[in-house]
Amino acid sequence: MTLIVTEVKPKPRQFGDRLAFHAVVFPAKHGDRVMKCLVKTTLSLRDMGYAHLKRMKKGIDAGTLIALVSVDADVHAAVVAALHDVDGLKSCKVDVPKHAALSKEEFAEGNAVWPMVFHLHPTTAPLSAEDATTFVSTMQSLLQSNDTSIATTDGGCAGSHCLVVHPHAPLDIVASASIPPTPSKNPLNQHAVMRVLDAIAAKHAAQGPSNAYLCTGHDVFVAIEPCVMCAMALVHSRVGRVIYLQPNPTSGALGSRYSLHGHESLNHRYRVFHVHHDDAK
Numbered sequence: 005m006t007l008i009v010t011e012v013k014p015k016p017r018q019f020g021d022r023l024a025f026h027a028v029v030f031p032a033k034h035g036d037r038v039m040k041c042l043v044k045t046t047l048s049l050r051d052m053g054y055a056h057l058k059r060m061k062k063g064i065d066a067g068t069l070i071a072l073v074s075v076d077a078d079v080h081a082a083v084v085a086a087l088h089d090v091d092g093l094k095s096c097k098v099d100v101p102k103h104a105a106l107s108k109e110e111f112a113e114g115n116a117v118w119p120m121v122f123h124l125h126p127t128t129a130p131l132s133a134e135d136a137t138t139f140v141s142t143m144q145s146l147l148q149s150n151d152t153s154i155a156t157t158d159g160g161c162a163g164s165h166c167l168v169v170h171p172h173a174p175l176d177i178v179a180s181a182s183i184p185p186t187p188s189k190n191p192l193n194q195h196a197v198m199r200v201l202d203a204i205a206a207k208h209a210a211q212g213p214s215n216a217y218l219c220t221g222h223d224v225f226v227a228i229e230p231c232v233m234c235a236m237a238l239v240h241s242r243v244g245r246v247i248y249l250q251p252n253p254t255s256g257a258l259g260s261r262y263s264l265h266g267h268e269s270l271n272h273r274y275r276v277f278h279v280h281h282d283d284a285k
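Just add 4 to wherever you are in the sequence shown, counting from 1, and you've got the numbering used here.
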């Protein structure tokens with residue numbers, strides 16, 4: 005049966021959705037004092053899940069600033085209490101863009117509502133026929149080299165194989181990992197993605213200090229859809245594309261259970277593709 009490639013798209017959302025945020029308005033001269041209090045008393049916007057928003061903007065009245073505090077009323081009350089000595093401080097609520105912008109057009113629309121941070125989303129250009137052919141042949145090579153036609157999903161993505169290659173030179177293998185012959189005492193080592201990244205990190209360490217990410221722009225082939233841990237590790241490694249064969253219904257983070265690759269609070273996102281049989285043929 006013929007193998008084909010389908011992109012796994014993040015779940016759709018309405019960019020026009022708004023989120024009510026507790027905020028404070030205050031004289032601009034107290035900006036440093038307020039910001040220090042927010043850093044000490046609240047989570048950062050990134051840690052709250054709103055990395056696409058800036059913390060402050062100019063107020064409507066001249067000489068004032070507005071700062072986002074929290075969506076939680078109790079946290080807002082604690083901040084107001086801590087700033088009791090700031091003259092002219094007032095509480096308010098503001099509606100801000102709920103979602104990160106995925107395009108320059110959305111950024112312009114959202115930025116008119118509240119200052120935003122724009123992280124360029126991976127290109128959404130259609131996959132070329134050449135790349136699709138390469139994905140299929142590389143996946144087949146991965147399975148054949150591990151002497152198995154398919155990995156088992158009984159243990160989630162822990163029973164998988166993994167291959168990291170350069171996107172423009174698919175025969176140039178950066179690192180690979182197969183199912184270990186015996187269970188490891190370290191459960192992380194059961195996950196092929198984690199073993200591959202560990203091997204690449206060791207190569208980087210041997211080459212001397214570097215500020216480069218482990219796998220910038222690389223293609224990652226896995227027999228089984230990665231779990232949340234592995235998918236997040238690939239985010240931190242700055243991979244370009246992840247290609248998997250079997251969905252992971254128990255813990256798949258790239259389409260089956262979650263869509264981590266579309267999470268808007270991340271400052272890096274990669275594209276995801278599923279190699280599967282063409283049922284129409």
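For each residue, glycine too, the CB sits at the ideal point set by N, CA and C.
Other residues of its chain near residue i: CB distance less than 7 angstroms, five sequence neighbours each side excluded
i: S260; result: E229, P251, N252, P253
i: G63; result: V29, L69, I70
i: I8; result: H280, D282
i: S153; result: The predicted position of S153 is uncertain, since its pLDDT is 43 and thus under 50; no value can be drawn from it.
i: A32; result: G67, T68, L69
i: A82; result: T45
i: S241; result: L201, Y217, L218, C219
i: A55; result: L49, V121, S269, N271
Close-in-space but distant-in-sequence residues of the same chain around residue i (CB under 6 angstroms, 5 per side omitted)
i: V232; result: A257
i: G114; result: P101, A105, M120
i: A203; result: A179
i: A196; result: S164, H165, C166, A181
i: G266; result: P14
i: L93; result: V28, F30, L87
Assigned secondary structure, residue i (DSSP; H/G/I helix, E/B strand, else coil)
i: E109; result: helix
i: F139; result: helix
i: P191; result: helix
i: C219; result: coil
i: R245; result: strand
i: R273; result: coil
i: A1; result: No information on residue 1 is available, as it lies outside the stretch 5 to 285 that the chain covers here.
i: S153; result: Because the pLDDT of S153 is 43, which lies under 50, any placement of that residue in the model is unreliable, and the question is left without a value.
i: H267; result: coil
i: V226; result: strand
i: Q144; result: helix
i: H26; result: strand
i: A209; result: helix
i: L167; result: strand
i: L175; result: strand
i: A181; result: strand
Bridge partner(s) assigned by DSSP for residue i
i: M233; result: Answer is none; M233 lacks a bridge partner.
i: M39; result: Paired residue(s): none; M39 is not in a bridge.
i: I204; result: Its beta-bridge partners do not exist; DSSP assigns none.
i: S255; result: None; S255 has no bridge partner.
i: E11; result: F277
i: P31; result: T68
i: Q250; result: I228
Residues near residue i in its chain [Cβ-Cβ closer than 8 angstroms; skip 5 each side]
i: F111; result: A105, M120, F122
i: R22; result: D99, V100, P101, K102, V117
i: R37; result: L87, V90
i: I177; result: L167, V168, V169
Open item on the list: Closer than 8 angstroms is the cut-off here; do at least three beta carbon pairs connect the segment 65 to 73 with the segment 33 to 45?
Closed with: When Cβ pairs closer than 8 angstroms are counted between the two stretches, the segment 65 to 73 is seen to touch the segment 33 to 45, the count reaching three or more.
Task: Ranges of the alpha helix (DSSP H) found wholly within the segment 41 to 102, counting only runs of at least 4 - done: As far as the segment 41 to 102 is concerned, its whole alpha helix (DSSP H) runs of at least 4 residues are 49 to 52, 77 to 86.
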